[in-house]
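Q:
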Ligand code: GUN
């Protein structure tokens, strides 16, 4: 049974399209990534972003601060990047170390350079269904559903997780496709009563094996956004081996949503370039 949603394949197609567009239009988009403090997972994500950018012809500028830096100096750097017309995208890698005000820092980014789609302006425009820069992981999820012909109109979609980066923007994107939503989170009682009736189940909770086979119905479409480390292995939020037996479509971890996040970042950098030029 081939019910696997191949995010690696889809991401390569997107990356190829972005590369061809950059070559055809002879443009040189630039992405600046700011990292504050040390975080092993962030190191890996940033390395992947750098490699993907360079492969398609996006210039990657990496700015690293110690966690002893003051918020004001970080903000000064963001202002410098806002004013530098050669820089098209600015991304502050999250999570920030303790003591940094995420909202305050992110909202210093000029919304037209906010390739993570996290500033007030982009969040507001997403809610109002205006064209804007949209967070990369939710974009990647929607792109996978589209590529695998999952029509969301009239479907029961259950979303587990309500983060600013994934769950909340997904609510808007799913509503736009006329999905009927239930949103579960860490304070929800009896999650199973919602997951069990879902035609499409999207899980972004950050808990390995949160979703077990008794919690889903036969034929469900599963999008697993979780990236958890179990020893040396990566796993999602879904008990893949068992749940995949009941799913009509399912994303593996790794190789599902993860590669799509990076591919959609590349698309967002080009979109930001076009908004600015
Ligand atoms: N940390 C984990 N995923 C992301 C992301 O998509 N953007 C940022 N800025 N930080 C992250």
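Residue numbers (our numbering): 201 to 477. For every residue, glycine included, the Cβ atom is placed at its ideal position computed from N, Cα and C.
Could you tell me whether the Cβ atoms of residue 252 and residue 466 are closer together than 9 Å?
A: Contact flag set, yes.
Q: Between 360, 402 and 374, which has its C-alpha nearest residue 386's C-alpha?
A: Comparing Cα positions, the closest option is 360.
Q: Around the C-beta of residue 211, are 16 or more other C-beta atoms found within 10 angstroms, so that it is buried, or is it exposed?
A: Buried.
Q: Quick check: what's the CA-CA separation for residue 485 versus residue 447?
A: Beyond the ends of the chain as shown, which are 201 and 477, falls residue 485; an answer cannot be given.
Q: Taking the alpha-carbon of residue 265 as reference, which of 281, 247 and 238 has the nearest alpha-carbon?
A: Comparing Cα positions, the closest option is 238.
Q: By the three-class DSSP mapping on this structure, what secondary structure does residue 441 have?
A: The answer is helix: DSSP assigns residue 441 an H, G or I state.
Q: Does the Cβ of residue 318 lie closer than 8 Å to at least one heavy atom of the ligand GUN?
A: Yes, the beta carbon of residue 318 sits closer than 8 Å to at least one heavy atom of the ligand GUN.
Q: I need the boundaries of the alpha helix (DSSP H) containing residue 479, first residue and last residue.
A: Examination of residue 479 is not possible in this model, given that the chain is present from 201 through 477 alone.
Q: Ends of the alpha helix (DSSP H) at residue 303?
A: Note, residue 303: alpha helix (DSSP H), 302–306.
Q: Quick check: what's the CA-CA separation for residue 379 versus residue 295?
A: So the alpha carbons of these two residues sit roughly 30 Å apart.
Q: Taking only the alpha-carbon atoms, compute the straight-line gap between residue 275 and residue 403 and give it to the nearest angstrom.
A: When rounded, the distance between both Cα atoms is 33 Å.
Q: Does the beta-carbon of residue 150, which I'm using as the reference point, lie nearer than 8 Å to any heavy atom of the ligand GUN?
A: Outside the displayed span of the chain (201 to 477) sits residue 150, for which this structure offers no information.
Q: In whole angstroms, what separates the C-alpha of residue 462 from that of residue 215?
A: C-alpha separation (whole angstroms): 9 Å.
Q: Take every Cβ of the stretch 279–296, pair it with every Cβ of the stretch 230–246, and state whether three or more of those distances are shorter than 8 Å.
A: Segments in contact, yes.
Q: Considering just the uninterrupted stretch of the alpha helix (DSSP H) at residue 313, what are its terminal residues?
A: Neither: residue 313 is in no alpha helix (DSSP H) and is coded neither H nor E.
Q: Spatial neighbours of residue 376 within its chain, please: C-beta separation below 7 Å, excluding the five flanking residues on both sides.
A: Only 329 meet the Cβ criterion.
Q: Count the other C-beta atoms from every protein chain shown that fall within 10 angstroms of the C-beta of residue 390, then say buried if there are 16 or more, exposed otherwise.
A: When all chains shown are included, residue 390 counts as exposed.
Q: Does at least one heavy atom of the ligand GUN sit under 8 Å from the Cβ of residue 337?
A: Checking the Cβ of residue 337 against the ligand GUN gives yes.
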